[in-house]
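Novice:
Residue numbers (UniProt numbering), protein chains in the order written: chain A, 1 to 592; chain B, 1 to 384.
Below, the structure written as structure tokens:
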């Protein structure tokens, strides 16, 4: 393991004996096994993606994308739009998330707890929920088809409000401000209380305390939140697809989807590589900025109850803005989706309400004979697929995450191994879902030796899901493992329990709660995800999110909205269950 | 060259007969972490049934040594034998798995499994070792009653006190009837009274099991009370190995002299001058044989030194009173010498001084022992 110090003559016999003792270590087997799995899930798809664009016949794709008359439309303008959306999302999320965090943590407004809870919900919703809700309200007659609620009430909606960059930026912000809120609120909570009071006791004026104490602690969280929102805004697929494509507003994500789904695969792959590089640079910068500092944002803990800022005459306006923001991003879209799914004619309340789109049979007069979603075998199949996908990915990613974090933190393996595994398990965090989906098609879409093409199978969905969620799974595995002291495991070593028996009898029971919570969050991620699976799911292997997208594109608005409500209910319910379970007692620490 | 991995079950079941024991032989054992040696080539040999204490300050390598005996670390040099069985060699040619060494370990943190009850904690290792169910049960009952924790059998570790957890940890260790008992500072998390009680308990367990024990501590009182053999360690090496009495009566280094004893012996740094030793302007007797010059460390036992109320009394070192503690029916007076060295003086009565007040320290005509500047014993006549 370590260097052998005493120069001792090595005989063949002793070398063999030493090799045998080293190979006999189950940790070596585990390390090699998990490394192999990570390589297949993470390295292979990326290599496959790059490789495919370099094979003869595909190489022109690079010149097509970068240096051809098409480049303008294929790359540069979409890239500009992506960056524009990223900047708008980052700015909007930071302002709104920061404001709400300040209100919830630092003021004495009544109902702060509920405000805080509502502010975290948009992130638990599928990102297309808000885009669909926007469309249901603001859609105008520019591209034909049914119009939104406002138009149906006789209120004209200008094109810039119905389509293109403004609604995209608005709905992206409404989704991702949650992320900024959570990061900034956590950081603010850590400066709150003792730390601020200690500073005030020195006699420093309030502004000075805010500048010298609060800001430095909160700044990394704000920057990190802004960069994450930027990266999400750059790479989000579904929002620009729903609100931008009808008016030919393209981003990198919609371009690469368009290219791949229309058979222009190699250009799509090149665009995927470009998107990965752009997103990876931003995400990497974000983690570098907060990496070293995150610890001091949490280490200081909650401290005492602070008095809270008294807003005086500003209390009412501030409260009004805060409540308006959270209702417009949670309750209102929810109600819009539910009611819109109940309108007989799309988004027209005067046409009357109906449950047809939920439970109705086939009626040629409505939605081209589409049945109500709870009566539609394709939807039921998709629901089953989605839930099964979520469960499979949660279990596999959870197990893999635990094993990988075990190898990284416990195995005492060589540094190159643990380092490589750390990097590999982090890389998918840098890759936008749609690009990862493209990479999986590039690698597993064609038969490799004896393995047939996985395109259109359930397996490719599961594999891509595991790859996409492995950074999260490893992180939750590591924090769960941190709860089990090394001694507790070593005493099982002394008892003669082998590696896998230790994991099964000691580590798994003690980490079960953390792993379960992490697993539920992975499940939610998979259920509401569209960008990863949009390229991988096929009509024969439907999942809910993709069906929603198809319904919406085909103008079956009520069905799309109804399915979105189902997904939102599953996601939010699972998230709440996970939170509950986190606090539940276990028999062996019932009185602690 | 035979691999000792996978000792067959017959040999392990042989471990089950009560009062089996093995001698312990450590030869040139070393453990290098990166470039630094945590254990720097140590050799110890104790007969079966011994109670060996690895004693030393933190970072001296005692815990690493214990972990190598347990099999939780692999040596990078040297050899460990239990009886005539080689259980680990630094060159990797022999490495017996921890559970097959016939050794049990009590961790400093006890390391009980929090999700198992007391009984499950004790019986699970027997399950792993594939004891039949009835035997597990009866052995579990036996050790539970041996350690007087039968009524805690169905509690979880989180529901019992620290002292009770300690007993569970001991019970869990002895249940499989190991030949070698390993203890890693097992008393350091207990309060003072419980520590003394549990010390007695541990010695009872050691005697009744007949096993060879290896016990790691930084507390010399524990070492002196429990050990048949002490290996005093410092910087990864053994400073001195012997019985408690040998270490106390004939320390081989200045470090050993100041580490062992209650209170420990005092060391005064002396300058050699014309065949005589001088310290703080006072003559300390004849210099030991190689009296070329330089410095010599003179050792004085607490009882050899006197106190003079008048600091300026001729032949006395002027010192400052620091504190005093009653010990048995005597008093141990702490004084600070002019160079800041703390000295312990034992006498029948306390002194009537306040901390910081001056007093005189009267040194006997000759020290109890001499050490050279590096702390090694000088082979001079030691007067008691």
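Even glycine gets a Cβ: it sits at the ideal position worked out from N, Cα and C.
Who does residue 213(B) pair with in a DSSP beta bridge?
Specialist: Per DSSP, 51(B), 181(B).
Novice: Please report the residue range of the beta strand (DSSP E) in which residue 240(B) lies.
Specialist: 237-242
Novice: In this structure, how does DSSP classify residue 292(A) when only helix, strand and coil are distinguished?
Specialist: Its pLDDT being 45, under 50, residue 292(A) is placed unreliably by the model, and the measurement read from it follows with that caveat. Looking at residue 292(A) - three-state DSSP - the assignment turns out to be coil, as it is neither helix nor strand.
Novice: Looking at the C-beta of residue 437(A), does it have a partner C-beta in chain B at a distance below 8 Å?
Specialist: no
Novice: Within this structure, are the beta carbons of residue 212(B) and residue 365(B) separated by less than 8 Å?
Specialist: Cβ atoms of residue 212(B) and residue 365(B): not closer than 8 Å.
Novice: Just the C-alpha distance for residue 110(B) and residue 187(A), rounded to the nearest angstrom, thanks.
Specialist: 36 Å
Novice: Anything in chain B within Cβ reach of residue 411(A), meaning under 7 Å, just list it in chain order.
Specialist: Proximity of chain B to residue 411(A) at the Cβ level (cut-off 7 Å) is not reached, the minimal Cβ distance being about 14 Å.
Novice: Can you find a C-beta in chain A that's less than 8 Å from the C-beta of residue 378(B)?
Specialist: Among the residues facing chain A, residue 378(B) is not included, as its CB has no counterpart in that chain under 8 Å away.
Novice: Which one or two residues does DSSP pair with residue 266(B) in a beta bridge?
Specialist: Answer is 300(B).
Novice: On the DSSP bridge list, what partners appear for residue 385(B)?
Specialist: Any answer about residue 385(B) is impossible in this case: the structure gives chain B only from 1 up to 384.
Novice: Note the first and the last residue of the continuous alpha helix (DSSP H) segment covering residue 356(A).
Specialist: 356-359
Novice: Ordered along the chain, which non-local residues of its own chain (more than five positions away) have a Cβ less than 8 Å from that of residue 227(A)?
Specialist: 90, 282, 283, 285, 286, 289
Novice: Chain B partners of residue 602(A), CB-CB under 9 Å?
Specialist: As shown, chain A starts at 1 and ends at 592. That puts residue 602(A) outside it, with no answer to give.
Novice: Tell me which residues share the same chain as residue 422(A) and place their Cβ nearer than 7 Å to its Cβ, disregarding the 5 neighbours each side in the sequence.
Specialist: 408
Novice: Along chain B, which residues have their Cβ under 8 Å away from the Cβ of residue 184(A)?
Specialist: By Cβ distance, chain B contributes nothing, its closest Cβ being about 36 Å from residue 184(A), past 8 Å.
Novice: For residue 112(A), which of 384(A), 272(A), 561(A), 322(A) has the nearest alpha-carbon?
Specialist: It is 322(A).
Novice: What is the DSSP secondary structure of residue 162(B), reduced to helix, strand or coil?
Specialist: Under the three-state reduction of DSSP, residue 162(B) is assigned to helix.
Novice: Hey, does residue 485(A) have any beta-carbon neighbour from chain B nearer than 8 Å?
Specialist: yes
Novice: Chain A beta carbons: is any one of them nearer than 8 Å to that of residue 328(B)?
Specialist: Proximity of residue 328(B) to chain A, defined by a Cβ-Cβ separation below 8 Å, is not satisfied.
Novice: Could you tell me which chain B residues have their CB closer than 7 Å to the CB of residue 494(A), listed as they occur along the chain?
Specialist: 70, 98, 99, 104, 105
Novice: Taking residue 477(A) as the reference, which of 496(A), 544(A), 510(A) has the closest Cα?
Specialist: Of the candidates 496(A), 544(A), 510(A), the one whose C-alpha sits nearest the C-alpha of residue 477(A) is 510(A).
Novice: Do residue 275(A) and residue 432(A) have their beta-carbon atoms positioned less than 8 Å apart in this structure?
Specialist: yes
Novice: Determine whether the Cβ of residue 509(A) lies closer than 8 Å to any Cβ atom of chain B.
Specialist: yes
Novice: Out of 265(A), 402(A), 80(A), 109(A), state which residue places its alpha-carbon closest to the alpha-carbon of residue 249(A).
Specialist: The shortest Cα separation from residue 249(A) among 265(A), 402(A), 80(A), 109(A) belongs to 80(A).
Novice: Which residue wins for smallest C-alpha separation from residue 229(B), given the options 54(B), 39(B), 153(B)?
Specialist: 54(B)
Novice: In the DSSP output, what is residue 342(B) paired with across the bridge?
Specialist: 336(B)
Novice: With a threshold of 7 Å (Cβ to nearest heavy atom), would residue 490(A) be considered close to the ligand PLP?
Specialist: Absent from the structure shown: the ligand PLP. Ligands present: none.
Novice: Which value, in whole angstroms, describes the spacing of the CA atoms of residue 547(A) and residue 570(A)?
Specialist: 16 Å
Novice: Run through chain A and tell me which residues come within less than 7 Å of residue 109(B), C-beta to C-beta.
Specialist: Neighbours of residue 109(B) in chain A, taken as residues whose beta carbon is under 7 Å from its own, are 485, 487 in chain order.
Novice: Any contact between the region 233-244 of chain B and the region 43-54 of chain B? By contact I mean 3 or more CB pairs, one from each, below 8 Å.
Specialist: yes
Novice: Residues of chain B with CB under 7 Å from residue 506(A), in chain order?
Specialist: 113
Novice: By a C-beta neighbour count over all protein chains shown, 10 Å radius and 16 as the cutoff for buried, is residue 344(B) buried or exposed?
Specialist: buried
Novice: Any idea what DSSP makes of residue 541(A), helix, strand or coil?
Specialist: Residue 541(A) falls in the strand class under three-state DSSP.
Novice: What did DSSP end up calling residue 305(B) once you bin it into helix, strand or coil?
Specialist: Here residue 305(B) sits in coil by DSSP.
Novice: Apart from the five residues on each side of it in sequence, which residues of its chain come closer than 8 Å, Cβ to Cβ, to residue 502(A)?
Specialist: 489, 492, 493
Novice: Any chance the region 100-107 of chain A sits against the region 123-131 of chain A, with 3 or more Cβ pairs inside 8 Å?
Specialist: no
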